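Working notes, structure below.
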Amino acid sequence: MGLFSGRKTVFVDSDVLVIGGGMAGCGATYESRYWGRDKKVVVVEKANIERSGAVAQGLYAINCYMGMQWDENQPEDHVRYARNDLMGLVREDLGYDIARHVDATVHMFEEWGLPIMKDPKTGRYQREGKWQIMIHGESYKPIVAEAARKAATKIYNRIMVTHLLMDKKKANRVAGAVGFNVRTGEFYVFRAKAVIVAAGGASHIYKPRSIGEGMGRTWYAPWSSASAYALPILVGAKMTQMENRIVLTRFKDGYGPVGAYFLHLKTYTENCHGEEYESTWYEGLKEMVGEYVDHQPVPTCLRNHAFLEELKAGRGPIRMVTKEAFQDPHLETIGWENFLGMTIGQAVVWASQNIDPKYTNPELTTSEPYVMGSHATCSGAWASGPEDYAPDEYQWGYNRMMTVDGLFGAGDTIGGTAHKFSSGSFAEGRIAGKAAVKYIDDLGKDTPEVSEAEYENLKQVVFKPMENYSVGRNEIVAGTVSPSYLLPLHGLQRLEKIMDEYVGGISSHYITNEPMLTRGLELLGMLKEDLDHLGAEDLHQLQRAWELQHRVLASESVTHHTMFRKETRWPGYYYRGDHMKLDDTDWHCFTLSRFDRESGEWEMEKAPVYHIVD
Ligand SMILES: Cc1cc2nc3c(=O)[nH]c(=O)nc-3n(C[C@H](O)[C@H](O)[C@H](O)COP(=O)(O)OP(=O)(O)OC[C@H]3O[C@@H](n4cnc5c(N)ncnc54)[C@H](O)[C@@H]3O)c2cc1C
5 MGLFSGRKTV
15 FVDSDVLVIG
25 GGMAGCGATY
35 ESRYWGRDKK
45 VVVVEKANIE
55 RSGAVAQGLY
65 AINCYMGMQW
75 DENQPEDHVR
85 YARNDLMGLV
95 REDLGYDIAR
105 HVDATVHMFE
115 EWGLPIMKDP
125 KTGRYQREGK
135 WQIMIHGESY
145 KPIVAEAARK
155 AATKIYNRIM
165 VTHLLMDKKK
175 ANRVAGAVGF
185 NVRTGEFYVF
195 RAKAVIVAAG
205 GASHIYKPRS
215 IGEGMGRTWY
225 APWSSASAYA
235 LPILVGAKMT
245 QMENRIVLTR
255 FKDGYGPVGA
265 YFLHLKTYTE
275 NCHGEEYEST
285 WYEGLKEMVG
295 EYVDHQPVPT
305 CLRNHAFLEE
315 LKAGRGPIRM
325 VTKEAFQDPH
335 LETIGWENFL
345 GMTIGQAVVW
355 ASQNIDPKYT
365 NPELTTSEPY
375 VMGSHATCSG
385 AWASGPEDYA
395 PDEYQWGYNR
405 MMTVDGLFGA
415 GDTIGGTAHK
425 FSSGSFAEGR
435 IAGKAAVKYI
445 DDLGKDTPEV
455 SEAEYENLKQ
465 VVFKPMENYS
475 VGRNEIVAGT
485 VSPSYLLPLH
495 GLQRLEKIMD
505 EYVGGISSHY
515 ITNEPMLTRG
525 LELLGMLKED
535 LDHLGAEDLH
545 QLQRAWELQH
555 RVLASESVTH
565 HTMFRKETRW
575 PGYYYRGDHM
585 KLDDTDWHCF
595 TLSRFDRESG
605 EWEMEKAPVY
615 HIVD
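If you read the sequence shown in my numbering, its first letter stands for residue 5, the second for the next number, and so on.
Okay, here's the thing in structure tokens:
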């Protein structure tokens, strides 16, 4: 027995186990209870669901609302929109499924107390853009969490899930999960009939623009640590579109959102000479991506491209022209409230840098890349589609079930479905919850069983970094440097450097190629070897150690996918320098990967894109 693996083990039995109590997890919990009145619905969350996940700080807009009650948009319209933005490649069955249910979800939020702004003239929800409605959303997450709390049998906060458990009787079937309490250090074994992974996206796999004391300031939540990908990858679930990382254009240094500024305040951007610049790059872009450049609205990645090229041409900084809009007191209030409701940090940065947008046009920047499945990007797990809508090839069981039996996902976890955002993630959680209950009912007496040997072994593995530390600290040579262990922060910085330099991060202007990716994979392989020697001083660092493990596995997946897709499909997100054009002949397809944990090998394949909506 290891030094720290003698800790108490707590066993929890459940029917549905929801991992991650963010937007999707709360939706999954709510709906599992609705369809499974007699079921034990358990949520496990590494923070506290009251304020956890990407919506922790609140939001100022719900970005996915059709408005079907007023005939504003239909689900098919949203599929066309997402398909256009993702340069043709989305799972239309999954996107349609979310779009047809998302309005009902938003109506529930309002019923539960979320203040949604109304257009005084029409009485309808106040639109920020075609898909966005404006909210007073500082308390968005607590409101949604309350519904989940009432629905769940029990919520286990402060438990970081490190691994999934597999059924000992039947291959390729999930049976639960393990993790540890980040406050008490107790080891948890969750036994479950179905598991829904809703653990958010991935920040900090690429070196962020803010480093040193500012490294916690990223656009995507710094606590989104790729568990949503690593947990399924480790048990052999197929992943899709992991190369489709996202880069955001945001206000500089605070990553403040620009959506309300563009859409509602009608601000615009200009280069350092006060000139419009997007048209300068039109011809070159047309050479690269063909007619996609003429699509409306212009896909997000292509707008990034013009921004980046203008900077490279030496005409930066790019600024947002706010001085005009801010002369209108109403718009000025909206501009500030937008940050106070969801990104207070941007207001603080402006105050600290003497920027009053009424008198100074603030600078924009492009972020480091993030991996996620709910924004203008669609990385994540490959999931079975809805019975009434998905083509046969996209259906192998229950809606939102991955390629592992009993393992479901929602929100950032699921790939191929961009633009679901907070409301769509909750709606997708509901879809997954309903399907998971049906799956459990169909199991009858054939229920999964965890293996004692498996969880006992994992207990040793999970606490190993604490043992490494307590032994290795006797060899400290200076400050925190030990020859025998690697601290989680050092490992994280090494990961970020590899991804940044070799897999298309900020310092290489998002460009990579096959030799760079090959070297990146070699270096990731060496980093993985060293992860056995992670040292954790305390439980907080133990959590950091496991977050790093998850990030590294997700990064490896991103790198393999980027290598496999031999084209530049999303210029502005990343470039394959050796294949600088979009290639619809060979690559109008999804990329799929499967990790074999026995051999450590990744298998790659293509899957067809079915266009269901014309
Ligand atoms: C800066 C920013 C601005 C955004 N703006 C908008 C907007 O204006 N409008 C809009 O509609 N949407 C917006 N979004 C998107 C929205 O927040 C996401 O789409 C949504 O939160 C995704 O839901 P999710 O459940 O997949 O992930 P999350 O809500 O992030 O939840 C993931 C949960 O899993 C937990 N977790 C992670 N790992 C583990 C683990 N190993 N064990 C246990 N628990 C774990 C996390 O703590 C978290 O609670 C924004 C997101 C960000 C970051």
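Ideal placement from N, C-alpha and C gives every residue a C-beta, glycine not left out.
All figures in this text were calculated on a predicted structure; none of them were measured in a lab.
Could you tell me which residues DSSP pairs with residue i in its beta bridges?
| i | result |
| --- | --- |
| F425 | In DSSP, F425 forms no bridge with anything. |
| F412 | I200, M405 |
| V47 | V22, I159 |
| F191 | T13, F184 |
| R580 | T516 |
| M164 | F184 |
| Y272 | V325 |
| P612 | C593 |
| W606 | F599 |
| T369 | R254 |
| K122 | Y129 |
| L538 | L490 |
| M72 | According to DSSP, which records beta bridges pairwise, M72 is partnered with nothing at all. |
| L169 | G180 |
| A482 | V485 |
| G384 | T244 |
| A206 | S229, V375 |
Run the CB neighbour count on residue i, radius 10 Å, all protein chains shown included, and call it buried at 16 or more, exposed below.
| i | result |
| --- | --- |
| N248 | buried |
| H208 | buried |
| Y160 | buried |
| Y38 | exposed |
| L493 | exposed |
| Y363 | exposed |
| K211 | buried |
| M608 | exposed |
| H105 | buried |
| K256 | buried |
| N472 | buried |
| F599 | buried |
| P395 | exposed |
| P74 | Note that residue 74 corresponds to Trp in the displayed sequence, not to Pro. It counts as exposed. |
| G220 | exposed |
| N478 | exposed |
| D97 | buried |
| K438 | buried |
Span of the beta strand (DSSP E) holding residue i?
| i | result |
| --- | --- |
| G180 | 178-185 |
| M138 | 137-141 |
| C593 | 593-600 |
| V325 | 323-325 |
| Y64 | 63-66 |
Are the beta-carbon atoms of residue i and residue j separated by less than 8 Å?
| i | j | result |
| --- | --- | --- |
| L306 | R601 | no |
| R55 | P146 | yes |
| A198 | R555 | no |
| A232 | T417 | yes |
| V110 | A422 | no |
| A648 | L531 | Residue coverage of the chain in this structure runs from 5 to 618, which leaves residue 648 outside it and unanswerable. |
| V59 | S426 | yes |
| Y393 | D81 | no |
| A179 | P452 | yes |
| G339 | L269 | yes |
Since residue i and residue j should fall inside the 8 Å C-beta cutoff, what is the C-beta to C-beta distance between them, to a whole number of angstroms?
| i | j | result |
| --- | --- | --- |
| V617 | H592 | Not a contact, Cβ separation roughly 16 Å. |
| N185 | R162 | 6 Å |
| L90 | C382 | 6 Å |
| L528 | I502 | 6 Å |
| I250 | M376 | 6 Å |
| A65 | A264 | 7 Å |
Is any non-hydrogen atom of ligand 2 found closer than 7 Å to the C-beta of residue i, if you look at the structure I gave you?
| i | result |
| --- | --- |
| P236 | Among the ligands in the structure shown, ligand 2 does not appear; only ligand 1 can be found there. |
Which residue marks the beginning of the alpha helix (DSSP H) containing residue i, and which one marks its end?
| i | result |
| --- | --- |
| M470 | 456-476 |
| Y233 | 231-238 |
| Y38 | 27-39 |
| M246 | Per DSSP, M246 belongs to no alpha helix (DSSP H) and is neither H nor E. |
| Y506 | 492-506 |
| R307 | 304-316 |
| V59 | First-last for V59: undefined, no H or E at that position. |
| R104 | 96-115 |
| Q357 | Unbroken run through Q357: none, as it is neither H nor E. |
| E80 | 79-89 |
| Q331 | Premise fails: Q331 is in no alpha helix (DSSP H) and is neither H nor E. |
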